[in-house]
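Here is the structure we will look at, set down as structure tokens.
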Amino acid sequence: MAQADIAATPVPTQAPAPIREAMIVAPEYVLQSPAPEVAVEEEAYPEMTALAEDDVWQRIRNGFSMNDLNSPLIKRHAKWYASHPDYVLRMSERASRYLFYITEEVERRGMPAEIALLPIIESAFNPGANSVASASGIWQFIPSTGKHFGMEQNWWYDGRRDIIGATNGALDYLQKLHDQFGDWHLALAAYNWGENAVARAQASNRRRGKPTGYAHLKMPRETQNYVPKLLAIKSIVNDPAQYGLTLQVIPNHPYFAAVTPPQPMDVKIAAELAEIPMEEFLSLNPGHNRPVILQNQAEVLLLPVDKVEVFRANLEKSDQRLVTWRAYESKKGETFAVIAKRFDINLEKLRSANGLSRYAMQSNGQTLLVPSAEDEASEEFSPFNMHAGAVQEMAGFVYVVRKGDTISGIAKKFRVSQRSLFAMNKNSHRLRIGQRFTILPGSSGKLNAQRASKQRNSGRKVKHALAKRDREIYSR
3 MAQADIAATP VPTQAPAPIR EAMIVAPEYV LQSPAPEVAV EEEAYPEMTA LAEDDVWQRI
63 RNGFSMNDLN SPLIKRHAKW YASHPDYVLR MSERASRYLF YITEEVERRG MPAEIALLPI
123 IESAFNPGAN SVASASGIWQ FIPSTGKHFG MEQNWWYDGR RDIIGATNGA LDYLQKLHDQ
183 FGDWHLALAA YNWGENAVAR AQASNRRRGK PTGYAHLKMP RETQNYVPKL LAIKSIVNDP
243 AQYGLTLQVI PNHPYFAAVT PPQPMDVKIA AELAEIPMEE FLSLNPGHNR PVILQNQAEV
303 LLLPVDKVEV FRANLEKSDQ RLVTWRAYES KKGETFAVIA KRFDINLEKL RSANGLSRYA
363 MQSNGQTLLV PSAEDEASEE FSPFNMHAGA VQEMAGFVYV VRKGDTISGI AKKFRVSQRS
423 LFAMNKNSHR LRIGQRFTIL PGSSGKLNAQ RASKQRNSGR KVKHALAKRD REIYSR
């Protein structure tokens, strides 16, 4: 029997406390026995509105309040969605996990119900969506904006993919933009394009004596399509039959509940204790970059409401080791193949667990997660950021392309071959400002650490300066 004190509560209406920098995990987390009965506190879910409706889609319809636009783009996008019913079905299936919570928060804040549909445009409700602009999660926050709204991003966890934290951060940001511009169309344009860009466009119109409303601003093509896309989705949700579509019913009650983890544990073991597939666990807890959950990294775990008691009961009677990984201080120059062989782990599993590029061959002396000596580590872990091809900066660093850069110039600057740059970076033959290049020490010479650090800091400044919009559309 495990000693634990788990509080299973409905999802809070405020984001969890900011994620603190995690310590290195130790292997000695073993459940002790015997243990007192696990206490579970049941609290009423925040009072819900429109409970007469059994379907969240109908609840959203009842809350539509944004004015429509007179734009042919709305019909064009609605036609596209209508001609891709499989896409709409996949999107609605993913949305079924999150839409009740988002609708609750939108209503609680008195915002138009259309806002609850925005993740369809941003990410199609794919919690692992990553963009070329480094935006991530269902609300597609770039790193700097995510940090501004309390989403810590570290080696262990990316708060931009946290369902509760990112939702509350996005709604906070949208409310701020609405307060600033006094109009939801402008607020949405600013969410996509950037608040400073919208303010500059308005200032330009004022100087020319032109109106400063949404319909009168000159915007980039992506932003011109952004609000019409949302209104096209609104039109489909309002009357799917008109477009020959069917939206699966999403029950008007919580899909998930928040559980406080009593101690560190493997992601795989947490999913097993809840008796849910790993894919389902990661869909509700997509922020985990590593196969270990730390208490000071994830304040709560989200589980399907009908699995909370299952998780509690299985944890209480379990006597298995909850953490099957430990920290290993690798030596500089030590190859990952040798490390994998030493700890009897598949090389690709080692890379996945530590966020290493498949092109990374040797260590820079970093700390790695490896299987503990006593147990075989739970290797079946492939975090959402790995699915999207994100590359951690452990075995080298990421250089952000600046104005005037060339492939040959970058290769010469860091004393690596152009061939190795192409090998490590897909689609790198055509440069664009803000593009991220993985730079790893090559056989042609050692990376100059001082130069690398200087260039990395410079690149970050350029990246932030070039971030004219806060996230990238993922609707297709």
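For any residue, its number in this note's numbering is found by taking its place in the sequence shown, counting from 1, and adding 2.
Ideal placement from N, C-alpha and C gives every residue a C-beta, glycine not left out.
None of these values were measured; they are calculated from a predicted model.
Just to confirm the assignment, what range does the beta strand (DSSP E) spanning residue i have?
i           : result
residue 304 : 303-306
residue 329 : 327-331
residue 433 : Counting along the chain, residue 433 falls outside any beta strand (DSSP E), and DSSP gives it neither H nor E.
Take the Cβ of residue i as the centre, count every other Cβ of all protein chains shown within 10 Å, and call the residue buried at 16 or more, exposed below.
i           : result
residue 181 : exposed
residue 408 : exposed
residue 134 : exposed
residue 93  : buried
residue 309 : buried
residue 290 : buried
residue 183 : buried
residue 218 : exposed
residue 162 : buried
residue 148 : buried
residue 155 : buried
residue 319 : exposed
residue 357 : buried
residue 164 : buried
residue 74  : exposed
residue 167 : buried
residue 339 : exposed
residue 203 : buried
residue 273 : buried
residue 287 : buried
If you drop the 5 nearest sequence neighbours on each side, which residues of the same chain put their C-beta closer than 7 Å to that of residue i?
i           : result
residue 186 : 68, 114 and 180
residue 452 : Low confidence applies here, because residue 452 scores a pLDDT of 40, under 50, leaving its location unreliable and the question unanswered by this model.
residue 192 : 179, 183 and 200
residue 313 : 261, 275, 276 and 305
residue 403 : 433, 434, 435, 436, 437 and 439
residue 334 : 365, 366 and 367
residue 120 : 232
residue 247 : 84, 87, 90 and 238
Can you tell me where the alpha helix (DSSP H) with residue i in it begins and where it stops?
i           : result
residue 340 : 338-344
residue 169 : 165-183
residue 74  : 74-84
residue 145 : 145-150
residue 324 : Careful: residue 324 lies outside any alpha helix (DSSP H) and carries neither H nor E.
residue 87  : 87-110
residue 373 : Taken as a continuous stretch (DSSP letters only), residue 373 belongs to no alpha helix (DSSP H), being part of the beta strand (DSSP E) at 369-373.
residue 283 : 280-286
residue 412 : 409-415
residue 350 : 349-356
residue 66  : Run containing residue 66: none; DSSP gives neither H nor E here.
residue 311 : 310-319
Taking residue i as the reference, give the member of the options with the closest Cα.
i           : options               : result
residue 63  : 76, 81, 105 and 325   : 105
residue 107 : 163, 237, 172 and 301 : 172
residue 232 : 73, 308, 123 and 103  : 123
residue 368 : 361, 344 and 336      : 336
residue 128 : 117, 410 and 90       : 90
residue 330 : 371, 301 and 307      : 371
residue 169 : 151, 362, 157 and 159 : 151
residue 485 : 326, 230 and 413      : Outside the displayed span of the chain (3 to 478) sits residue 485, for which this structure offers no information.
residue 498 : 87, 176, 287 and 259  : With the chain covering 3 to 478 only, the question about residue 498 has no answer from this structure.
residue 257 : 228, 311 and 103      : 103
residue 174 : 359, 153 and 227      : 153
residue 61  : 84, 272, 111 and 116  : 116
Only counting the same chain, and skipping five residues up and downstream in sequence, which positions put a Cβ closer than 6 Å to that of residue i?
i           : result
residue 125 : 131, 140, 142 and 476
residue 98  : 252
residue 249 : 59, 94 and 242
residue 234 : 76, 79 and 80
residue 394 : Low per-residue confidence applies at residue 394: pLDDT is 29, beneath 50, and the placement is therefore not dependable, though the value from the model is reported in the following sentence. So the list reads 357, once near-sequence residues are dropped.
residue 316 : 275
residue 228 : 194
Excluding the five sequence neighbours on either side, which residues of its own chain have a C-beta within less than 8 Å of the C-beta of residue i, listed in chain order?
i           : result
residue 53  : Unreliable positioning characterises residue 53 in this predicted model, as indicated by a pLDDT of 42, which lies under 50. The coordinate reading is nonetheless provided below. Excluding positions up to five away in sequence, the list reads 254.
residue 208 : 214
residue 56  : 251, 253 and 254
residue 1   : Nothing can be reported for residue 1: it is not among the residues displayed for the chain, which extend from 3 to 478.
residue 360 : 350 and 353
What ranges does the beta strand (DSSP E) occupy inside the segment 191-278, keeping only unbroken runs of at least 3 residues that lie completely in it?
Runs of the beta strand (DSSP E) lying entirely within the segment 191-278, each at least 3 residues long, are 258-261 in chain order.
Residue ranges of each alpha helix (DSSP H) run of no fewer than 4 residues wholly in the segment 117-148, ordered along the chain?
Fully enclosed alpha helix (DSSP H) runs of 4 or longer: 120-125.
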